[in-house]
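S.K.:
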Amino acid sequence: MEYVRFESPHRNDRGHFTGVFGLVNRLAREGRLSLEEESFRRVHNSWYDAAYPDPSTVDPTVYDRATNPGAAAWFKPSATHLIERVPGYLEILRAHGVDCRTRRCADPGRIVYEDEVQIVVVPYG
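So in our numbering, spot 3 of the sequence shown is number 273, and the numbers just go up one at a time.
(1) Count Cβ pairs between the stretch 337-353 and the stretch 371-391 that sit closer than 8 Å; are there 3 or more?
(2) Relative to the C-alpha of A369, which residue among T288, R284, Y273 is closest?
(3) Taking Cβ positions, are Y359 and V313 nearer each other than 7 Å?
(4) Going by DSSP, what residue range makes up the beta strand (DSSP E) through S278?
(5) In the DSSP assignment, find the beta strand (DSSP E) that holds A342 and state where it starts and stops.
(6) Using the beta-carbon count (16 or more within 10 Å), is P378 buried or exposed?
(7) Got a sec, what are the start and stop residues for the alpha helix (DSSP H) V328 sits in?
(8) Would DSSP call G289 helix, strand or coil?
(9) Can you tell me which of the three DSSP states T350 falls into?
(10) Which residue marks the beginning of the beta strand (DSSP E) containing R371, and which one marks its end?
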């Protein structure tokens, strides 16, 4: 089984690779999205919020920098209903010249959270 993650190929200021949703949300915070892009982001972010659990509401420490440094979420390959909506986010990033890569890995790190559609891991090393 290979997990899937969409992320920046460049490390952020904390040394981690920002995920696709974080990249688009940052564009929104910076006021760089068109009205159409912002509408897409809001509608689809709301859909994702309803479609699967936010790991930090189940375990508030899952993304704690001291407890789980570099923790990142990966889709399970069976989460096709979630993965199939990602291309719209990728289109927004391309339109703004923001790089994003797709990673697939059978063992991306130490699992600190798991549900039906995702895992959150602390990368090895």
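C-beta atoms are modelled at their ideal positions from N, C-alpha and C, and glycine is treated no differently.
M.R.: Let me lay it out:
(1) yes
(2) It should be noted that the sequence gives Asp, not Ala, for residue 369. Checked all of T288, R284, Y273; the closest Cα to D369 is T288.
(3) no
(4) 273-281
(5) Here the beta strand (DSSP E) through A342 covers 342-345.
(6) Answer is buried; the Cβ neighbour count reaches 16.
(7) 325-328
(8) Correct three-state label for G289: strand.
(9) In the three-state DSSP reduction, T350 falls in the helix class (H, G or I).
(10) Where R371 is concerned, the enclosing beta strand (DSSP E) stretches over 371-375.
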